[in-house]
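Single-structure report; data block below.
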Amino acid sequence: MDERDSVGVSIRSISKRYGSTEALKDITLNIEPGEFMSLLGPSGSGKTTLLGALGGFVMPSSGSVWVGDQDMTYMPPHKRNIGIVFQSYALFPHMSVGENVAFPLRARRLPKSTWPERVKQALAMVELDGYQDRGVSQLSGGQRQRVALARAIVFEPRLILMDEPLSALDKQLRETMQIELRRLHRKLGATVVYVTHDQREALTMSDRVAILKDGELVQIGAPETLHNNPKDSFVASFIGDSTLLPVTRIDEHTVQLGTHTLRSAKPIAPHAELLLAIQTEKLLIDDGLHEPGINRLPCRVVEAVYQGDSLRLFLELEDGTSISMRQPSHHTALQKIPPLGERLSVVLHPEDTIIVPRAGCAPPATNVA
Amino acid sequence: MKATAINNNYPHVSHRDASLGYRRREHVLMLLLMSPAVLVVFVLLLIPLGWLIGQSFYADGFSLEHYQRIFTEGIYWNTFWVTFRISFIVTLLALLMGYPIAYAASILPRRWSMLVLALVILPFWTSVLVRAYAWLILLQRSGVVNESLLGVGLIDAPLALVHNELGTIIATVHILLPFMVLPLYATMQKIPSDLIQAGASLGGTPLHVFMRVFFPLSLSGVLAGMTLVFVLCLGFYITPELVGGGRTVMASMLVSRNIQLYSDWGAASAVSVVLLICVLAIFYVVSRLVPLEKILGAK
Ligand SMILES: Nc1ncnc2c1ncn2[C@@H]1O[C@H](COP(=O)(O)OP(=O)(O)O)[C@@H](O)[C@H]1O
Ligand SMILES: [Mg+2]
C-alpha cells in the first residue's frame, strides 16, 4: 500500500445529550493530518460517543464534525470512508477471513479481479496472509483483532478509528500489538483516532492524548506534557502512578506541605485547593550527593513490596502523611534501602514538584476572566 | 437378560473409581425424584402413542389395510396434497408478513419493540375457536371486508373469502403468525448491532448491509420459524374445519371424519401416524441444518 494523503479532523463544539445525561459537553478538538491521537478517559466518559460522532453512528445534539475540508456531521456512515476497528472486532461470523476483508471492496463495487491482491496486501500488513480461507471462529483473539484491522485498512481510508481495540487481549499480546499498531500507523500514514481507558497504552502509542472526563475535554497534549504538566488533580491522578497531597501556596514557587516547604520550578497560580502530585518514580533516596536546592523530605519506611522490576516503598512523613515511591530493582539501588521503620530522607527535584488545582474546584474569583 | 449384563459391568467400574459409585447413587436419587414426571409423560404420551400405532396396524388382527388405503386411494392422496400445499402457502405468507414485523421489533427502541411483540402475541392468548369464528364473520359475504370493498367500489360482487381454501389460509396465517415472529425476533435480536455498524462503516449501503450481513445471520431464525409454522399447519384442525367450510379437507379433518362418520379408529390412526412421520422427517432434515433446541426456542 502506498503512502497516501492523510486528513485532519476538526471536532467543533460537539455536544450530545441522551435524555438527561450529557454524554459530550461542548468538545472542540483538532487532529492534525497523520497524527495518532488517543482519547483517554475512564469508562463512561464519552469516548465511544465521540468516536461514534466521527464514524456517523451518533448524531450530535449540536456542533459539527469536519474531516479535511468537508462537513461530515450529517453524512451517513457508509459515505464517510473511515476505517473503524470496533472493540468487539465485529467480524462477520458467516464469512471467511478473506470475505471479511473483501467486504469493503464488494461494497464499493470494485472489480472482483482486484480483490484477491488487495485482500492479500491488507492481510500481509497484519501478518496474516494465507489465512484467507479460515473461518472467523477458528482464530485466536489476537488474530481476530488483526483481521478487523486488515478489513479497516483494505480500502485505504485516510482516517482510522479504533475503539479500545486491544482491551480484550492479554497483557503480553497487548504490548506487542501496541508496537505493531504504531508501526502500521507510520507505514500507512493515515490519521488515527484511538480510544482507550489505559493511560499507559495512550502514552505509549500517541502523538497526542485528549483526556475526557464526564463528557468534557479536560486536557489535550503530548504524553510528556500530560505527564509533567497535568492541568488538574484528575489528570495528575489518571496519568502515571501518583500520590496527591494537599499543600498551601506560599509564593509563586513555594508551597507548604505539612511542616515542610517545597520549591517548584514551575510558577504556581493561586487556587483555593492545591495538591502536590508526587509520581512514584520521581522520588529518590537521598544519598547526600544531590544538589542543595532540591526538596528533601525526612520520612520512615513503613513497608516495602517487591514487584519484580521494581520495589515499591511506602513511606510516612514526619507529620504522618503517607507517600509511596518506586525504586528500580537493581543491586546498587536496593542496597540503599534501609530496613523497615528506619528513618531516611527522600528527594524531589523542583522540576518534578508538580502542583495542581483540585479538579472540579473553581479558582479564586479574582482569577476568573 | 440385559439387566444382569449391566449389573455385572458397573461394580467392576466402581471398584476402580470410588467417586463413580457416589455419582451413581446421585443419579439413582435424581431418577427417583424425576419418576413422577417420567410416569406422567409415559402414561399420557407414550401409551396413547403406542396404542395409536397399534390401532393403525389393526383390522381384525394385524393388517396393513389402512396404510394400503392411504397410499392407493385418491381421496387420501388428494388430502395430503392439499394439506402440504396449504401448509406451504401459509408458511410463505407467514414468513413474508412475519419477517418485517420481527425486523421492526428487533431494531425499534425497546419500548416500541415490546408493543409490536405484544400486538403479535395478544391474539395468541384468545381461543383459536373464537378467532376462527371472528374470521368467519369478517370474511363472510356480508362481512366487514366485503362490505368495505363494495363500499369503496373496488369490487362489484362480494368475494368468496371464506368457506374455501383462501379463507383457511387467511385465518391460519393469522393464528400461526406468532410462531413465525417469535423465533425470528429471537434470532434477529441476537445479531450484534456492531456488525451492522461495521458493515456501514466499511462502505455498505443499508441495503447492502441488510443483504450481506443481517439477512444471512437471520436465516437460522427463518428456518426455525418456517419449520414450526409448517409443522403446526400440517396438523391444524379447528380453523380449516370452521373457516374452510368443509370443502377444503386437510389431513386432520380426515382423522376426525374417519372417527365421527365411520368410527374407523384404525384408518384414523394410520392417517395420524403418516402425519407424525412427516413431521418427524421434517424435524430430522431441519435439525441437520440448525440445532433442534434453536427451533424449539430453548436456545
Ligand atoms: N445510546 C445511548 N443511550 C443513552 N445513554 C448513552 C448511550 N450511549 C452512551 N450513553 C451514555 O453516555 C455516557 C458516555 O458513554 P460512552 O461514550 O459509551 O463512554 P465510554 O466509551 O467512555 O465508556 C455514559 O454515561 C453512557 O451511559
Ligand atoms: Mg466505550
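Note that the protein sequences, when read in sequence, are chains X and W. For the first sequence, this note's numbering gives the first residue as 1, with consecutive numbering after it. For the second sequence, this note's numbering gives the first residue as 370, with consecutive numbering after it. For every residue, glycine included, the Cβ atom is placed at its ideal position computed from N, Cα and C. Since we're looking at a predicted model, the values are computed, not measured.
For SER237/X, is the beta carbon positioned less than 7 angstroms from some heavy atom of ligand 1?
-> Outside the cutoff, so no.
Is any heavy atom in ligand 2 found nearer than 7 angstroms to the beta carbon of THR21/X?
-> No, the beta carbon of THR21/X sits no closer than 7 angstroms to any heavy atom of ligand 2.
Identify whether GLN509/W lies in helix, strand or coil by the three-state DSSP scheme.
-> Note: GLN509/W maps to coil in three-state DSSP.
Determine, using beta carbons only, whether ILE378/X and LEU159/X come nearer to each other than 8 angstroms.
-> It is not possible to answer for residue 378/X, since the shown part of chain X is limited to 1 through 369.
Near-chain B residues of the region 566–597 of chain W - C-beta to any C-beta below 9 angstroms = The structure shown contains no chain B; its protein chains are X and W.
Who does ARG343/X pair with in a DSSP beta bridge?
-> Residue pairing from DSSP places ARG343/X in a beta bridge opposite ARG300/X.
Cβ atoms of PRO267/X and VAL356/X: under 8 angstroms apart, would you say?
-> Not in contact: VAL356/X and PRO267/X (Cβ atoms no closer than 8 angstroms).
For chain W, find out if any of its Cβ atoms is closer than 8 angstroms to the Cβ of SER88/X; answer yes or no.
-> For SER88/X, at least one C-beta of chain W is nearer than 8 angstroms to its own C-beta.
Sort out for me which residues DSSP pairs ASP251/X with in a bridge.
-> ASP251/X is bridged by DSSP to THR254/X.
In three-state DSSP terms, what is PRO292/X?
-> Residue state for PRO292/X is assigned as coil, using DSSP reduced to three classes.
For PRO478/W and chain X, any beta-carbon pair shorter than 8 angstroms?
-> In terms of beta-carbon proximity, PRO478/W stays away from the interface with chain X, with every pair separated by 8 angstroms or more.
MET1/X at chain W interface by Cβ criterion, 8 angstroms | In this prediction, MET1/X scores a pLDDT of 40, lower than 50, which makes its location untrustworthy; the coordinate-derived value is nonetheless stated afterwards. Cβ-Cβ to chain W under 8 angstroms: no for MET1/X.
Which residues in the same chain as THR73/X place their Cβ atom closer than 7 angstroms to its Cβ, once the five residues preceding and following it in sequence are excluded?
-> Around THR73/X: PRO60, SER64, VAL65.
Identity of the residues DSSP links to ILE323/X by a beta bridge = Answer is LEU315/X.
For LYS47/X, verify whether its CB is less than 7 angstroms away from any heavy atom of ligand 2.
-> Remark: the C-beta of LYS47/X is in contact range of ligand 2, defined as less than 7 angstroms to any heavy atom.
Is it true that the region 612–628 of chain W meets the region 438–458 of chain W, where meeting means three or more beta-carbon pairs spaced less than 8 angstroms apart?
-> Counting Cβ pairs under 8 angstroms, three or more are found: they touch.
Alpha carbon to alpha carbon, how far is PRO223/X from LEU276/X? Give it in angstroms, no decimals.
-> For LEU276/X and PRO223/X, the distance between alpha carbons rounds to 20 angstroms.
Can you tell me the Cβ-Cβ gap for MET37/X and ASP207/X, rounded? I've got them flagged as a contact below 8 angstroms.
-> About 7 angstroms; that satisfies the 8 angstroms criterion.
TYR194/X beta carbon near ligand 1 (any heavy atom closer than 7 angstroms) | In this structure, TYR194/X has its CB at a distance of at least 7 angstroms from all heavy atoms of ligand 1.
Are the region 295–314 of chain X and the region 334–349 of chain X touching by the rule of at least three beta carbon pairs closer than 8 angstroms?
-> Cβ pair count under 8 angstroms is three or more, so yes.
Provide the residue span of the beta strand (DSSP E) that contains PHE86/X, from first to last.
-> Unbroken run through PHE86/X: none, as it is neither H nor E.
TYR89/X beta carbon less than 8 angstroms from that of ARG17/X = Contact check for ARG17/X against TYR89/X fails: the beta carbons are separated by 8 angstroms or more.
Between the CA atoms of LEU149/X and ALA471/W - distance to the nearest angstrom = ALA471/W and LEU149/X: Cα-Cα distance of roughly 33 angstroms.
Pairing CB atoms from the region 548–568 of chain W with CB atoms from the region 522–536 of chain W, are three or more of them under 8 angstroms?
-> Taking a contact to require three or more Cβ pairs closer than 8 angstroms, the region 548–568 of chain W and the region 522–536 of chain W do not qualify as touching.
ILE31/X: contacting residues in chain W (beta-carbon distance under 8 angstroms) = Going along chain W, no residue has its Cβ under 8 angstroms from ILE31/X, so there is no contact; the nearest lies around 18 angstroms.
Got a sec, what are the start and stop residues for the alpha helix (DSSP H) ILE544/W sits in?
-> That run of the alpha helix (DSSP H) goes 534–558.
Find the residues of chain W that neighbour HIS94/X, judging by a C-beta separation of less than 7 angstroms, and give them in chain order.
-> Chain W residues near HIS94/X: PRO585, LEU586.
Terminal residues of the beta strand (DSSP E) in which VAL192/X lies = Counted as a single uninterrupted DSSP element, the beta strand (DSSP E) harbouring VAL192/X occupies residues 191–196.
Between the Cα of LEU484/W and those of PRO492/W, PHE493/W, ALA474/W, spot the shortest distance and give me the residue it belongs to.
-> The shortest Cα separation from LEU484/W among PRO492/W, PHE493/W, ALA474/W belongs to ALA474/W.
Rounded straight-line distance, which links the Cα of LYS47/X to that of PHE92/X | If you take the alpha carbons of PHE92/X and LYS47/X, they lie about 24 angstroms apart.
Can you grab the Cα-Cα spacing for the pair ARG479/W / LEU630/W, in whole Å?
-> About 52 angstroms.
Give a yes or no on whether 8 angstroms exceeds the smallest Cβ distance from LEU507/W to chain X.
-> Chain X places no beta carbon closer than 8 angstroms to that of LEU507/W, leaving this residue out of the contacts.
Three-state secondary structure (DSSP) at PHE453/W?
-> Note: PHE453/W maps to helix in three-state DSSP.
Between the Cα of GLU216/X and the Cα atoms of HIS227/X, LEU203/X, PHE234/X, which residue gives the shortest distance?
-> Out of HIS227/X, LEU203/X, PHE234/X, PHE234/X has the C-alpha closest to the C-alpha of GLU216/X.
DSSP on ASN30/X, reduced to helix/strand/coil?
-> If DSSP states are grouped into helix, strand and coil, ASN30/X belongs with the strands.
Take every Cβ of the region 569–588 of chain W, pair it with every Cβ of the region 601–614 of chain W, and state whether three or more of those distances are shorter than 8 angstroms.
-> They do not touch, by the three-pair rule.
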